[in-house]
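A.B. asks: Numbering (the numbering used here), first residue to last: 2 to 771. Quick reminder that beta carbons are idealized off the backbone N, C-alpha and C, glycines included.
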Amino acid sequence: MAHWGAFEADVDDGGLRAIHPHPLDPAPSPLLENIEGAIHHPTRVATPMARAGWLERGPGPTDRRGAEPFVPLAWDEALDLVAGELARVRDRHGNRAIFAGSYGWGSAGRFHHARTHLQRFLAGIGGYTSSRHTYSVGASEVLLPHVVGSVAEVLHRATSWEVIVEHTRLLVAFGGLAVKNSSVAPGGVTRHTVAGHLEQLRDRGCEVVLFSPLADDCGPGADWRPLAPGTDTAVLLALAHTLVAEGLADFGFLDRYCTGADRFLAYLRGDTDGCPKTAEWAAAIAGVDAAGLRTLARRMASTRTLVTASWSLQRADHGEQPVWATIALAAVLGQIGLPGGGFGHGYASEADIGAPPVGLPRLGPAGCPNPVPDAIPVARIADLLLRPGEEFDYDGRRLVYPDIRLVYWCGGNPFHHHQDLNRLRRAFGRPDTVVVHDPYWTATARQADIVLPATTTLEREDIAAGPNDPFVLAMHRVVAPVGAARDDYDIFTGLAERFGCQQRFSEGRTARQWLEHLYERWRAAVAGDVPAAAPLPDFDTFWARGSVAVPGAVRPHVLLEEFRADPEANPLRTPSGRIELYSEEIAGFDYDDCPGHPAWLEPAEWLGSPAAARFPLQLVANQPATRLHSQLDVGAVSRQSKVQGREPLRIHPADAAARGVRSGDVVRVYNDRGACLAGVVVSDRVRPGVVQLSTGAWYDPEDPAVPGSMCVHGNPNVLTLDKGTSRLAQGSVGQLALVEVERFAGPLPPVTVHDPPPVGRRRVTAPEVR
Ligand code: PGD
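The structure is reproduced here in structure tokens:
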């Protein structure tokens, strides 16, 4: 199982021969084709390695990370060095000085979850500074509890696709329903159904209206309204305004199920700021047709309507607002809790959203309580490293960044996922030591001091159990570990032995014994929760059979149905028990970048901002169609998509002509934060004024020794802005940035990141770090 789908593998004495999609999958992901050529690729980390300068000069801040050769180490020596450095930092600076937020998707199996093992181990030696939330839905994770009382309810108990197909007559999709994103779910997906559901919707005559700068953010047949990126909130408010102004709002619903509607409606009318949020007002901001907005609002009130917001909308400055405004518009329509009506968040942002909820305990190892209370909102990593001791706001609290001396990353790739990579490079220069486990020489591994080679899922045994997936699968080992790679679990067991805490970490179990333990614990929980279900087989039978169906995983669901039926008996977990269209709590925080109700707040960078005079194109740095994030960028599907070896950048014909560029050219994409090369694809599926360059091309600075050096491969995060969505959530704003594009006329620098980094010879013995 991969995050992008279940598969079967053909193997013989020569190793992996072929990958086949699982027979259960009606629409397998093309990303499976990345696996075969990537498993033994030269960019696998062959053996433990240390940066030459770290070995020679010892730990300490440096700007040489990423710019020096690596020296091979034996495993015992590598583990001694890591243990010694952890002990030094802990004893001199305290456990707070160890950062192990270690965000990232890692791989699909539920036991070999790299970050969980890292954190279990570090908890055993006294703890670590951690991180909270995700790059995926960081703004929503903080906002939704204030507005509807729960994140899990909205994401994991969304109205099921089956219900939408049957009941929804009009689907208004802000940010779209991009089938490419529905390839993946964290932990895997056995059956890809989103494309099929969209087809069924069309067959049943449901109208789909797409608000997005990209036409292909939805399947064929959608009514595309190409709005300016980052302006969805204005359109959502204007639709609500029209409903209210034309007497189409459901005041009964607002009265019974919401709190603060009066404050929100006053803002819509312009009572508070003198600016009524009319269709004309929004049309001027978003570049859409005002009459079309009014007609749409009327249509929405006349039929069963679902309003959806993709996760990408909230990965932008003030990302809380489009999500809150989506809920507010659905509340004004009054269809929340009805089959096929109301709102949804993240349909097609991941495969599991809209799958019937499983509602059983998740299968996986438990974490250990962390004795260190410090945690940052995940996307504040560069601030953490650059601003020790500084205070910052987050969800009503004032927190302080700890002084980090050691960064330990395992199962993630911040030099893929974080914004403003030139700033992140400066930040990664601050700690004394950076340790990374990864199967591949990713950009993050190249920025480390000690790199420990991890196995991939194909090289170990595991269990797959994706969220809301109707199957639990046995993941058998397919090939032997590549090179000297070890399972993260074994690496941490080796480190725990050096600290005398191996019993606490491993609980005395081998990896196979853990699989049996986790499965049996889950099987007992299922028997308790679903007593009527046929008993699940024991571990040995499950392992031999390869899969079990999860009992009760097929009942379709309607979001907030119980609340609608009886709001007194089933109150939301908000302060008022209702949907909060005005939150006293948020208003009480007094954040100018997140007021007490949904509001249009100009993003830091958008087509209407002063910076657009110099950087007139809005970059959409969205999720790639050819890989998951940065994973397996060396795989066949990802490489085939490149243009002259660079990540493809889509640009509208008018913008391409104005710059004299054609499909197949290489361009330099730049702003004040950095620059990268990209390969041009001219396309009218992109709105004028917008360019699209997906994330995930491995960051490849032309000269890593030069700060700010251009990425020759096309990683858009050299261009994106490193700020929080607001002081409320501090989520990532990586989706959008203003840029300019010019034809690259000089000799093309080679892409070197798909080769391993230079290997050096050891000149001194390892420093005594204990
Ligand atoms: P991945 O490429 O999935 O990206 O960021 P994330 O860091 O999750 O990285 C996972 C890493 O884990 C890979 O390097 C892989 O090789 C490694 N790995 C896999 N299996 C194992 C294992 O068993 N052990 C170990 N030790 N390592 C393993 C994703 C993040 O990027 C996300 S979730 C989102 S939604 C964001 N999206 C955007 C965006 O829309 N726009 C921009 N500009 N930036 C984004 N960044 C974010």
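(1) Start and end of the beta strand (DSSP E) containing S548?
(2) Taking the alpha carbon of D491 as the reference point, which residue from H114, R66, A51 has its own alpha carbon closest?
(3) Is the segment 309-327 in contact with the segment 226-240, if contact means three or more CB pairs nearer than 8 Å?
(4) Please tell me whether, using a cut-off of 7 Å, the distance from the CB of R579 to the nearest non-hydrogen atom of the ligand PGD is below it.
(5) Does the structure place the segment 720-733 close enough to the segment 376-387 that three or more beta carbon pairs sit under 8 Å?
(6) Between A376 and R133, what straight-line distance do the alpha-carbon atoms span, to the nearest angstrom?
(7) I'd like to confirm something about Y409: is its beta-carbon nearer than 7 Å to some heavy atom of the ligand PGD, or not?
(8) Can you give me the Cβ contacts of T456 inside the same chain, cut-off strictly under 7 Å, excluding the 5 residues immediately before and after it?
(9) Expressed to the nearest angstrom, what Euclidean distance is found between the alpha-carbon atoms of A3 and D539?
(10) Run the proximity test for Y402: is its beta-carbon closer than 7 Å to any non-hydrogen atom belonging to the ligand PGD?
(11) Quick check on the DSSP output: what are the complete beta strand (DSSP E) runs of length 3 or more inside the segment 116-144, in order along the chain?
(12) Would you mind sorting R45 into buried or exposed? The rule is 16 or more other CB atoms within 10 Å of its CB.
(13) Could you check whether C219 and L171 sit closer than 8 Å to each other, using their CB atoms as the reference points?
(14) Quick check: is any heavy atom of the ligand PGD less than 7 Å from the C-beta of D274?
(15) On the CB-based measure, 16 or more other CB atoms within 10 Å of its CB, does Q736 come out buried or exposed?
(16) Hey, is Q420 close to the ligand PGD, as in C-beta under 7 Å from one of its heavy atoms?
(17) I want to check one thing, is the minimum distance from the CB of Y490 to the heavy atoms of the ligand PGD below 7 Å?
(18) Do you know offhand how far G125's Cα is from E517's?
(19) Taking contact to mean at least 3 C-beta pairs separated by less than 8 Å, is the segment 67-87 in contact with the segment 660-667?
(20) Does the segment 108-123 come into contact with the segment 346-362, if we say contact requires no fewer than three beta-carbon pairs (one atom in each stretch) closer than 8 Å?
(21) Tell me whether the beta-carbon of D634 lies closer than 8 Å to the beta-carbon of W544.
(22) State the Cα-Cα distance for the pair H418 and G697, rounded to the nearest angstrom.
(23) Would you check whether the ligand PGD has a heavy atom nearer than 7 Å to the C-beta of W515?
(24) Hey, is the segment 385-394 in contact with the segment 148-162, meaning 3+ C-beta pairs nearer than 8 Å?
(25) Could you tell me the boundaries of the beta strand (DSSP E) in which V90 lies?
(26) Identify the continuous alpha helix (DSSP H) that holds D530 and give its terminal residues.
(27) When you compare each of F416, S727, G467, D541 to D591 by their alpha carbons, which one comes out closest?
(28) Mind checking who W225 pairs with in its DSSP beta bridge?
(29) Could you check where the alpha helix (DSSP H) with W282 kicks off and where it finishes?
(30) Rounded to a whole number of angstroms, what is the C-alpha to C-alpha distance between S507 and L123?
(31) Between which two residues does the beta strand (DSSP E) containing V436 stretch?
(32) When you measure from the CB of T721 to every non-hydrogen atom of the ligand PGD, does any distance come out below 7 Å?
(33) Pick out whichever of C502, G597, A352 has its Cα sitting closest to the Cα of R192.
(34) Say whether the segment 686-693 touches the segment 642-659, bearing in mind that this needs 3 or more beta-carbon pairs closer than 8 Å, one atom from each stretch.
(35) Taking just the CA atoms, how far does G188 sit from G341?
(36) So, helix, strand or coil for R764, using DSSP?
C.D. replies: In brief:
(1) 548-550
(2) H114
(3) yes
(4) no
(5) yes
(6) 6 Å
(7) Checking the Cβ of Y409 against the ligand PGD gives no.
(8) P440, P482, A486, R487, D488
(9) 24 Å
(10) no
(11) 131-133
(12) buried
(13) no
(14) no
(15) buried
(16) Because some heavy atom of the ligand PGD lies under 7 Å away, the Cβ of Q420 counts as near it: yes.
(17) no
(18) 23 Å
(19) no
(20) no
(21) No.
(22) 8 Å
(23) no
(24) The answer is no - the segment 148-162 does not touch the segment 385-394, with fewer than three Cβ pairs under 8 Å.
(25) Per DSSP, V90 belongs to no beta strand (DSSP E); it is in the alpha helix (DSSP H), 76-94.
(26) In this chain, the alpha helix (DSSP H) harbouring D530 covers 512-530.
(27) Distances from the alpha-carbon of D591 to those of F416, S727, G467, D541 put S727 closest.
(28) Paired residue(s): L211.
(29) 280-287
(30) Going by the C-alpha atoms only, they are around 13 Å apart.
(31) 434-439
(32) yes
(33) A352
(34) yes
(35) 28 Å
(36) coil
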